[in-house]
Amino acid sequence: MARSRHAGVLSHSVCNASLLSSLRCFHSSTRYVSDHARVVDDLAASFADAYPSASTTSASVPASSASSSMPQYTYKRPHGVVQRAIQTILKQSPYTHAIPTMHYVTKSHLVDKLLPPALAHTNTLGGIVGLDLEWNFGLRMGKTAVAQLATANDIFVIHLSQMKRLPDTLVAMLQDPHILKSGVAVRQDLSKLQRDFGIETCGALELSRIAWKLDPERWNGRRALISLRDLCAAYLGCDLAKGPTRTSSWTQVPLTNEQITYAASDAYVSLELAHAMLLDAHAKRPMSSEDAQKLLTEVSQAKGRRVAARPRLANLASATNRVLSPIHALHCCALCIRLRKAGCVYIS
50 MARSRHAGVL SHSVCNASLL SSLRCFHSST RYVSDHARVV DDLAASFADA YPSASTTSAS
110 VPASSASSSM PQYTYKRPHG VVQRAIQTIL KQSPYTHAIP TMHYVTKSHL VDKLLPPALA
170 HTNTLGGIVG LDLEWNFGLR MGKTAVAQLA TANDIFVIHL SQMKRLPDTL VAMLQDPHIL
230 KSGVAVRQDL SKLQRDFGIE TCGALELSRI AWKLDPERWN GRRALISLRD LCAAYLGCDL
290 AKGPTRTSSW TQVPLTNEQI TYAASDAYVS LELAHAMLLD AHAKRPMSSE DAQKLLTEVS
350 QAKGRRVAAR PRLANLASAT NRVLSPIHAL HCCALCIRLR KAGCVYIS
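Sequential numbering of the sequence shown, starting at 50, is according to my numbering.
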């Protein structure tokens with residue numbers, strides 16, 4: 050009887066130990082997945098720019114978009130669509146420069162000095178400002194190192210990693226709902242700033258939403274976010290190359306000329322694309338300044354929604370289940386669930 054009781058206690062202890070071990074393993078796996086899910090999200094976003102989807106290049110945008118002969122976009126050769134949009138839709142003569150002035154800033158007080166005049170006179174529809182971020186790639190997502198802002202006349206490449214604090218004027222701009230920040234996956238960029246610096250942000254203007262709303266025929270009912278590269282090919286006739294500069298070190302001082310040009314161009318193309326799509330829609334069906342402002346407000350206030358993940362990433366778990374160990378397959382499945390919930394970052 051005593052032996053039976055002892056065996057029962059031993060069995061119970063072994064069971065508890067096994068359960069505890071399993072829980073620890075699960076906790077470790079969950080923490081692993083949590084640590085790397087954000088990295089996978091951003092890699093998924095980068096894949097969209099680096100490798101345009103076949104359906105996009107064949108149907109949604111001109112066939113020449115995949116050609117290396119397509120001119121490269123750079124802020125140094127702007128297309129002038131911001132000025133044309135102001136003249137055509139607002140019926141005004143904007144005061145704009147032929148080429149925007151680029152400011153590479155590494156000190157907070159200089160941002161506080163230079164940014165307010167530029168924001169006071171954006172010379173854009175609805176006060177739109179182009180926004181983009183850069184950070185170092187790695188096993189862990191790096192903290193935002195560079196923030197880029199673009200108005201019609203000025204581009205700011207702000208080296209945040211070299212500043213002890215966020216510039217006050219930058220924080221005020223990010224928190225102002227009346228200043229619309231345009232970009233692809235811009236809501237995710239603003240959320241990253243919230244996580245990295247503990248500030249509230251608002252005023253996201255998702256370029257993909259503008260494209261879906263104004264040009265549904267071209268985008269064929271697509272629900273995944275449209276990459277900057279695809280939008281650039283469709284509305285500006287240029288290729289937005291995503292080479293090794295994207296994954297270079299953004300915390301190095303100073304940034305190279307290639308990095309500065311890359312960062313400035315991404316911000317300015319986000320600004321030009323918003324105006325190019327409005328001009329394209331205006332050519333098909335004339336809109337007033339009130340119509341344009343109403344559209345921009347609707348897009349900026351639209352709630353995020355889940356969208357379909359790209360098949361290559363959505364099928365990742367089933368493909369790896371056949372070749373990976375169970376624990377690695379669990380990691381992969383969890384990451385794919387995270388991708389599906391987040392829409393592979395292609396959500397707004």
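Built from N, CA and C at the ideal position, the CB exists for glycine as well. Just so it is clear, the structure is predicted and the values come from calculations on it, not from any experiment.
By the criterion of a C-beta distance shorter than 6 Å, TYR311 is surrounded in its chain by THR294, once the five residues flanking it on both sides are discounted.
In the same chain as ASP288, and ignoring 5 residues on each side of it, the C-beta atoms closer than 6 Å to its own belong to MET119, GLN121, in chain order. Restricted to the segment 215 to 246, the beta strand (DSSP E) segments that are unbroken, complete and at least 3 residues in length are 230 to 232, listed in chain order.
Secondary structure at GLY292: coil, using DSSP grouped into helix, strand and coil. Note that the C-beta distance between LEU263 and THR250 is not below 7 Å. Here SER142 is exposed, its C-beta having fewer than 16 other C-beta atoms within 10 Å. Rounded to whole angstroms, TRP268 and THR137 show a C-alpha spacing of 25 Å. A distance of 7 Å or more separates the beta carbons of SER240 and SER319. DSSP lists GLU183, HIS208 as the bridge partner or partners of VAL195. The C-alpha of ILE177 is placed about 22 Å away from the C-alpha of LEU209.
Comparing alpha carbon positions, the residue from VAL131, ALA234, PRO226, ALA253 closest to ARG278 is ALA234. A residue is called buried when at least 16 other Cβ atoms come within 10 angstroms of its Cβ; GLY247 does not meet this threshold and is exposed. By the Cβ-count criterion, HIS158 is exposed, with fewer than 16 other Cβ atoms from all chains shown falling within 10 Å of its own Cβ.
Secondary-structure assignment with DSSP links ALA253 through a beta bridge to LYS230.
Under DSSP, GLN121 takes part in a beta bridge, and its partners are ASP288. With contacts defined as CB atoms closer than 7 Å, ALA341 and ILE204 fail to qualify as a contacting pair.
Taking LYS192 as the centre and dropping the five residues before and after it, the same chain places the C-beta of ASP245 closer than 6 Å to its C-beta, in chain order. GLN132 and TYR284 have their C-alpha atoms some 15 Å from each other.
HIS152: member of the beta strand (DSSP E) spanning 150 to 154, first to last residue. Taking 8 Å as the upper bound for CB-CB distance, ALA290 and VAL206 are not in contact here, some 18 Å apart. With respect to THR200, ALA167 sits close: the two C-beta atoms are nearer than 7 Å. For the options TRP261, GLN224, LEU223, HIS170, the alpha carbon positioned closest to that of ALA323 is the one of TRP261. Comparing alpha-carbon positions, the option among ASP329, THR300, ALA351 lying closest to PHE186 turns out to be THR300.
With distances taken between CA atoms, ILE228 lies nearest to LEU198 out of TRP184, LEU198, ASN202. Note that the C-beta distance between LEU139 and HIS152 is not below 7 Å.
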